[in-house]
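In the UniProt record's numbering, the protein residues as written are 1 to 405.
Written out as structure tokens, the structure reads:
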């Protein structure tokens, strides 16, 4: 028998930080008092008009919001079928959507009296955003980054150091995002008295999945207003890339109760989801506990976490935010996948047709749009979140294309 659907898809999390069976707080005893302190501080901050006004001021005058909604006319004509729009969060200061939630969290850290900030990063966009906010607000910043990602994201490593952050390469495991987050949590346990952990995605222990989602929802709120102004109605389909899932949740959340709006989250299929080299945790994983929350994870028959693979450092994560797991099981959002090769093709096509070099993360979403749009009538409206710019990825792309730089 099917479970009844909730009255609203925007109700979560519950008092225990759960989205259905997902989410929660699975942390070391040492961290629990601080996690509860973060929850209390965020509950107070989001009801504090002066806190929210300061965050909105920074979004407008420092980040450059609202980000534009761009009708990708040449791409639409090339693909045929549905009309394609890009929500251009790659135009934000620091080049990605990450700054939206980072500014909110660093303001919260200051409000809590914390004097040191730590963060994890994969593609480097969250690390650059955190280093930027810390420079602005005069706070010391340490960013943990997998050694593999340090190598493939050199431009962002240099940016973080220019901004005054300490970048700590993590060599354990596959030396990617999962391992950086492990190290961040270890540091936090040892330095709870003065340190705030600025998490980059909608994962981790409650209240982080909710808090990052709330700050990133500015993406969907703006999209709603801009699409009404451009087309006089809501979009038909939203598409976004999924690693931990912050840019997708930011776009999707304000539309979850609009039944006419379909949603597609695009996981990284790496070399293919039928191989053992992908990052498709919803398509090929099962529920388990990692990094303080219960969610879908890539794991072996004994529950050991498997290494993920993606050409995109930001999608190279074996898990997913718990709210995505809940929406997946309820069927509200459809989760699909795109391979490394498909993302590379989309990366090049977007560059040539629209004059926009996307990051490899949204290139995965674009790969799905390229398959989807030609199958739909021209009155269909698709919005894809262009969540990051591709400057950081040109060396990776050149290497895969056999170009020497």
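In this text, a Cβ means the ideal position worked out from N, Cα and C, and glycines have one as well. Predicted model, so just to flag it, every value in this text is computed and none were measured.
Restricting attention to 298, 57 and 293, the CA atom closest to the CA of residue 283 is found in 298.
In chain order, 94, 98, 99 and 102 place their CB closer than 6 Å to the CB of residue 129, counting only its own chain and leaving out the 5 sequence neighbours on each side. For a cut-off of 8 Å, the C-beta gap from residue 135 to residue 156 is around 15 Å, too long to register as a contact. If you keep only unbroken alpha helix (DSSP H) runs of at least 4 residues inside the segment 22 to 107, you get 32 to 45, 49 to 58 and 73 to 79.
For residue 395, the uninterrupted alpha helix (DSSP H) segment begins and ends at 394 to 400. In the three-state scheme derived from DSSP, where H, G and I count as helix and E and B as strand, residue 387 is classed as coil. Taking the Cβ atoms as the reference, residue 335 lies roughly 7 Å from residue 242, within the contact range of under 8 Å. Residue pairing of residue 293 in beta bridges, as defined by DSSP: 290.
In the structure shown, residue 115 falls within a coil segment according to DSSP collapsed to helix, strand and coil. A Cβ-Cβ separation of about 16 Å leaves residue 364 out of contact with residue 249 under the 8 Å criterion.
Listed in chain order, the non-local C-beta contacts of residue 368 below 7 Å within the same chain comprise 239, 264, 266, 336 and 338, local neighbours out to five positions each way being set aside. Three or more beta-carbon pairs separated by less than 8 Å are not found between the segment 315 to 332 and the segment 42 to 57, which leaves the two stretches without contact. A distance below 8 Å separates the beta carbons of residue 354 and residue 75.
Following the DSSP letters along the chain, one finds residue 248 inside the alpha helix (DSSP H) bounded by residues 246 to 252.
As summarised for the segment 211 to 250, the continuous beta strand (DSSP E) elements at least 3 residues long and confined to that stretch are 237 to 242, given in chain order. A contact is defined here as three or more CB-CB pairs under 8 Å, and the segment 285 to 292 meets this definition with respect to the segment 17 to 29. Taking C-beta atoms as the reference points, residue 312 and residue 360 count as a pair closer than 8 Å. Taking C-beta atoms under 8 Å as the contact rule, residue 120 and residue 180 qualify, at a distance of about 4 Å.
Comparing alpha-carbon positions, the option among 117, 161 and 210 lying closest to residue 15 turns out to be 210. Here residue 177 is buried. Its C-beta has 16 or more other C-beta atoms within 10 Å. By the 16-neighbour rule on beta-carbons within 10 angstroms, residue 133 is buried. In summary, residue 11 is exposed, with fewer than 16 beta-carbon neighbours lying within 10 Å of its beta-carbon over all protein chains present. Secondary structure at residue 15: coil, using DSSP grouped into helix, strand and coil. Judged by DSSP secondary structure, residue 270 falls within the beta strand (DSSP E) whose first and last residues are 262 to 270.
Contact check for residue 247 and residue 92: beta-carbon distance about 11 Å, past the 8 Å limit, so the pair fails to qualify. When secondary structure is reduced to three states using DSSP, residue 381 falls in the strand class. Looking at the DSSP output, residue 168 shares a beta bridge with 144. Out of 145, 148, 401 and 55, the CA that lies nearest to the CA of residue 110 is found in 55. Looking from the CA of residue 391, the closest CA among 259, 206 and 152 belongs to 152. Residue 206 places its beta carbon 8 Å or farther from that of residue 37. When rounded, the separation of the alpha-carbon atoms in residue 201 and residue 244 is 6 Å. Note that the C-beta distance between residue 204 and residue 253 is not below 8 Å.
Contact between residue 67 and residue 222 holds: CB atoms are separated by about 7 Å, below the 8 Å threshold.
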